[in-house]
Amino acid sequence: GWASSMRYRTHPAFVRTVETSIYLGPDARGRGLGRQLYERLFELLADEEVHCVVAGVALPNPASTGLHLACGFRQIGVFEEYALKRGRYISSAWFQRLLG
């Protein structure tokens, strides 16, 4: 699996905010690897003086929702039917974690 981050927006006001992505293959799920990947990513982001981390989770996805909550994120809200996936509208829950 992997975890990554990218700048949230290009405007200078968002210089200390990143959006994260995480992926675990089916065989890697449920073994604590997602938490390990996120903890390492948070360490790297703290070194870069990142303050705010955001993540979107396509719904429904109870495993990813649980991972984000277990890693210290709070659910901020839901964007309803804001994207198309396989010809259908999907909603995403949005999560935030402040690093310091």
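Quick note: the sequence shown uses the working numbering, first residue 1070, plus one each step. All residues carry an ideal CB built from backbone N, CA and C; glycine is no exception.
Classify residue i: buried if its beta carbon has 16 or more other beta carbons within 10 angstroms, exposed otherwise.
i: Y1107; result: buried
i: T1079; result: exposed
i: F1111; result: buried
i: F1164; result: buried
i: G1125; result: buried
i: S1133; result: buried
i: I1145; result: exposed
i: A1153; result: Looking at the sequence itself, residue 1153 is Leu, so the reference to Ala does not match. Exposed, because fewer than 16 other Cβ atoms sit within 10 Å of the Cβ of L1153.
Along the alpha helix (DSSP H) that carries residue i, what are the first and last residues, could you check?
i: F1111; result: 1102–1116
Report the three-state DSSP secondary structure of residue i (helix, strand or coil).
i: G1135; result: helix
Tell me where the beta strand (DSSP E) around residue i begins and ends.
i: F1164; result: 1157–1167
i: G1146; result: 1143–1154
i: R1076; result: 1071–1076
i: T1086; result: 1086–1092
i: V1122; result: 1121–1127
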